[in-house]
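In the numbering used here, the protein residues as written are 10 to 204.
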């Protein structure tokens with residue numbers, strides 16, 4: 010192999026790796042998100058004390074969460090799939106669906122700029138700069154969404170994009186059941202398991 014061929018190979022290898030990563034990303038965008046139900050079913054949300062994204066001097070705990078069924082959405086300004094998901098979160102906000110954000114492994118200025126640019130679908134966002142709370146939650150990345158009842162108990166864990174399809178077929182029936190005081194625990198569990 011000549012010197013020129015070696016240089017060409019050294020240049021081409023990173024380029025080929027980059028192209029492969031881009032292809033893998035776009036392939037993932039076309040796949041349906043997975044709703045994981047049994048691994049977190051009826052488990053309380055892990056305790057936390059995290060700063061508000063909008064005011065990092067103020068911290069919130071589990072006691073500050075909504076007292077109605079709500080979504081907890083892990084997101085980041087660095088996350089391309091979060092940008093795909095974002096318009097749907099804004100639609101849910103317009104329908105008065107309560108969503109709490111967990112800004113995951115993101116710089117404060119980047120996160121605030123993202124919300125200013127694309128609008129804020131969240132009641133509020135908590136900052137998980139180092140990702141420790143994400144580990145407690147069992148995050149594998151972003152976006153990920155959890156369905157919780159009024160007591161902070163997790164009923165569903167969605168890995169990947171929340172979209173119209175999984176909202177209508179899995180997430181909304183679960184939230185509706187959790188909001189219905191006439192339903193017993195068995196009926197709520199069945200609705201959240203998709204039965």
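Even glycine gets a Cβ: it sits at the ideal position worked out from N, Cα and C.
Everything numeric in this text was worked out from a predicted model, so none of it was measured.
Check: Beta-carbon spacing of residue 146, residue 154 below 7 Å; Outcome: no
Check: Residues bridged to residue 137 (per DSSP); Outcome: 113
Check: Unbroken stretches of the alpha helix (DSSP H), 4 residues or longer, contained in the stretch 81 to 106; Outcome: 89 to 103
Check: Counted within 10 angstroms of its Cβ, other Cβ atoms place residue 158 as buried (16 or more) or exposed; Outcome: buried
Check: Nonlocal neighbours in the same chain, by C-beta distance under 6 Å from residue 102, ignoring five residues either side; Outcome: 130
Check: Whether residue 113 touches residue 57 by CB criterion (7 Å); Outcome: no
Check: Same chain only: Cβ atoms within 6 Å of residue 134, ignoring 5 sequence neighbours per side; Outcome: 62, 110 and 112
Check: Spatially closest choice to residue 88 from 180, 197 and 169, by CA coordinates; Outcome: 169
Check: Residue environment, residue 122, which counts as buried when at least 16 other CB atoms sit within 10 Å; Outcome: exposed
Check: Buried or exposed by the 16-neighbour rule on C-beta atoms within 10 Å, applied to residue 173; Outcome: exposed
Check: Cβ-Cβ distance between residue 53 and residue 162 below 7 Å; Outcome: yes
Check: Three-way DSSP call (helix, strand, coil) for residue 182 in this model; Outcome: helix
Check: Own chain partners of residue 115 with C-beta closer than 6 Å, once the 5 adjacent residues on each side are dropped; Outcome: 85 and 86
Check: Pair within 7 Å by beta-carbon distance, residue 60 and residue 125; Outcome: no
Check: Where the beta strand (DSSP E) through residue 165 begins and ends; Outcome: 162 to 168
Check: Best match in 156, 16 and 203 for proximity to residue 78 [C-alpha to C-alpha]; Outcome: 156
Check: Residue 66 versus 97, 117, 199 and 105, residue with shortest Cα-Cα distance; Outcome: 117
Check: Span separating the alpha-carbon of residue 205 from that of residue 19; Outcome: What the structure shows of the chain is the stretch from 10 to 204, and residue 205 is not part of that stretch, so it cannot be assessed.
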